[in-house]
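*Asks:* Under full-length UniProt numbering, the first residue of the sequence shown is numbered 1, with each subsequent residue one higher.
Quick reminder that beta carbons are idealized off the backbone N, C-alpha and C, glycines included.
Take this structure, written in structure tokens, and hold onto it; I'll ask about it next.
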Amino acid sequence: MRNTAADPPPEPRRRRIVDGGFLVLLSLTLVSGGLVLLTRGPLRVWEITQETFGFLLLLSPKIVAGVFIAATLPLVLPGKEIGRWIGAESGLRGLVLATVAGAAIPGGPMMTFPLAAGFGMAGADIGTMLAFVTGWSLLSLNRTLIWEFSFLPHDLVWTRYLLSLPFPVLVGLGARALRGRVPA
């Protein structure tokens, strides 16, 4: 556990812009663009390009804010408290707390993933980070209340929700077991 008040910030990892993941995405993009060019023509490729860059302009501020949150969260949260509440020693309570937080947090992946990363840098363990993300993914109250109950039969929504309830905690326990940290 780091003492963020006394310890200097860690050296940032060197990240490569062009890596294997980027090359796979670039290849898929070029192949898809080529297929659209052959089947729909250059005008459609241009329209898709404009739509994509417009969407990127809308999405960029959210991504920047999410990354900023991830970078600053460890500096403003007390590491000892984070470790006690959602760290490896938090036990089942930490997994349940992370699940509830994940279910309650509004917003999409631009907020959720940076928050999970920020919690990890502040002292949360892999189990609670995965319970948080899985809770958001499976149990999002925002999505369930606004979208699912609006469009789907209520018994279907309740059945899905109740069946999904244990999974974030189970994922967290599984992650801890893989890392050798099963709570008592």
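(1) To the nearest angstrom, how far is it from the Cα of Thr159 to the Cα of Pro153?
(2) Can you tell me the Cβ-Cβ gap for Gly135 and Met129, rounded? I've got them flagged as a contact below 8 Å.
(3) Flag this pair as touching only if the region 92-102 and the region 52-59 have three or more C-beta atom pairs under 8 Å; answer yes or no.
(4) Report yes if the CB atom of Asn142 is closer than 8 Å to the CB atom of Pro168, and no otherwise.
(5) At 4 residues or longer, what runs of the alpha helix (DSSP H) sit wholly inside the region 46-95?
(6) Is it right to say Val31 is buried, meaning 16 or more other beta carbons lie within 10 angstroms of its own, or is it exposed?
(7) What would DSSP say about Gly123, mapped onto helix, strand or coil?
(8) For Phe132, is the classification buried or exposed, using 16 other Cβ atoms within 10 angstroms of its Cβ as the cut-off for buried?
(9) Starting from Val157, trace the alpha helix (DSSP H) both ways and give me its first and last residue.
(10) Given Leu165, which residues of its chain have a CB within under 8 Å of its CB, disregarding the five upstream and five downstream residues?
(11) CB Ala70 to CB Ala117, shorter than 8 Å?
(12) Which stretch, first to last residue, makes up the alpha helix (DSSP H) that contains Pro168?
(13) Tell me which residues share the same chain as Arg16 and place their Cβ nearer than 7 Å to its Cβ, disregarding the 5 neighbours each side in the sequence.
(14) What's the call for Val171, buried or exposed, on a 16-neighbour Cβ count within 10 Å?
(15) Would Gly178 and Ala122 be called neighbours here (beta carbons separated by less than 8 Å)?
(16) If you draw a straight line from the alpha carbon of Val36 to that of Trp46, how long is it in whole angstroms?
(17) The alpha helix (DSSP H) that contains Thr29, what's its start and end?
(18) Pick helix, strand or coil for Ser137, following the three-state DSSP scheme.
*Replies:* From the atom records:
(1) Distance between the alpha carbons of Thr159 and Pro153: 10 Å.
(2) Between Gly135 and Met129, the beta carbon gap of about 11 Å keeps them out of contact (Cβ cut-off 8 Å).
(3) The way I'd put it, the region 92-102 doesn't touch the region 52-59; fewer than three beta-carbon pairs between them come closer than 8 Å.
(4) Contact annotation: Asn142 and Pro168 have beta-carbon atoms that are not nearer than 8 Å.
(5) Correct list: 79-86.
(6) Taking all protein chains shown into account, Val31 has fewer than 16 neighbouring C-beta atoms within 10 Å of its C-beta and is therefore exposed.
(7) In this structure, DSSP gives Gly123 a state outside helix and strand, which the three-state scheme calls coil.
(8) Burial call: buried.
(9) 154-164 is the extent of the alpha helix (DSSP H) around Val157.
(10) Leu139, listed in sequence order.
(11) In this structure, Ala117 lies closer than 8 Å to Ala70 by Cβ.
(12) According to the DSSP assignment, Pro168 belongs to the alpha helix (DSSP H) that extends over 167-179.
(13) Listed in chain order, the non-local C-beta contacts of Arg16 below 7 Å within the same chain number zero, local neighbours out to five positions each way being set aside.
(14) Burial call: buried.
(15) Reading off the sequence shown, one finds Leu at residue 178, where the question assumed Gly. No, the pair does not count as a contact, with Cβ atoms beyond the cut-off.
(16) Cα-Cα distance, rounded: 10 Å.
(17) From DSSP, the alpha helix (DSSP H) with Thr29 extends over 20-40.
(18) The answer is helix: DSSP assigns Ser137 an H, G or I state.
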